[in-house]
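Take a look at the structure set out below.
Residue numbers (the numbering used here): 1150 to 1276.
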């Protein structure tokens, strides 16, 4: 993989319950609404289960995801393709934390920040 090793960890406050955050991250129907700029495959489960694999596309860049861990307040995805690494999500009442590490030519911190801002906006407007 070409690119640079990058790591970023961001935690934000959101006006939402842990259950609302859980549903927004683990239910692909909701995930598609706020994770902008990515095309998801049409066949997605109702909720992401461990072991599930899918590929998203951001323009010409494809990123393969493998769901490694799913818990009531945690999701860990192994990434390959446009990003070789992992993405972890943690959440609770009123907060979301995202940890991203990988090798990529993409600006991971910028994408991660935009995703968290989009999630916060989505949670604010769907209350």
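No residue lacks a Cβ here, since even glycine has one placed at the ideal position from N, Cα and C.
Sub-7 Å separation of residue i and residue j beta-carbons
i            : j            : result
residue 1214 : residue 1226 : yes
residue 1242 : residue 1169 : no
residue 1273 : residue 1164 : yes
residue 1245 : residue 1161 : yes
residue 1174 : residue 1224 : yes
residue 1158 : residue 1257 : no
residue 1210 : residue 1231 : yes
Per DSSP, cross-strand counterpart(s) of residue i
i            : result
residue 1224 : 1219 and 1238
residue 1249 : 1157 and 1236
residue 1195 : DSSP output for residue 1195 lists no bridge partner at all.
residue 1230 : 1212
residue 1244 : 1162 and 1241
Residue of the options minimising C-alpha distance to residue i
i            : options                   : result
residue 1217 : 1235, 1265 and 1191       : 1235
residue 1193 : 1266, 1179 and 1219       : 1179
residue 1189 : 1196, 1183, 1206 and 1255 : 1206
residue 1172 : 1208, 1162, 1239 and 1160 : 1239
residue 1260 : 1233, 1184 and 1195       : 1184
Start-to-end residues for the alpha helix (DSSP H) that takes in residue i
i            : result
residue 1171 : 1167-1175
residue 1164 : Taken as a continuous stretch (DSSP letters only), residue 1164 belongs to no alpha helix (DSSP H), as it is neither H nor E.
residue 1189 : Note, residue 1189: premise wrong, no alpha helix (DSSP H); not H, not E.
residue 1098 : Any answer about residue 1098 is impossible in this case: the structure gives the chain only from 1150 up to 1276.
Extent of the continuous beta strand (DSSP E) to which residue i belongs
i            : result
residue 1203 : 1202-1207
*Determine, using beta-carbon pairs with one atom in the stretch 1185-1201 and one in the stretch 1244-1254, whether at least three such pairs fall under 8 Å.*
At 8 Å Cβ cutoff, the stretches do not touch.
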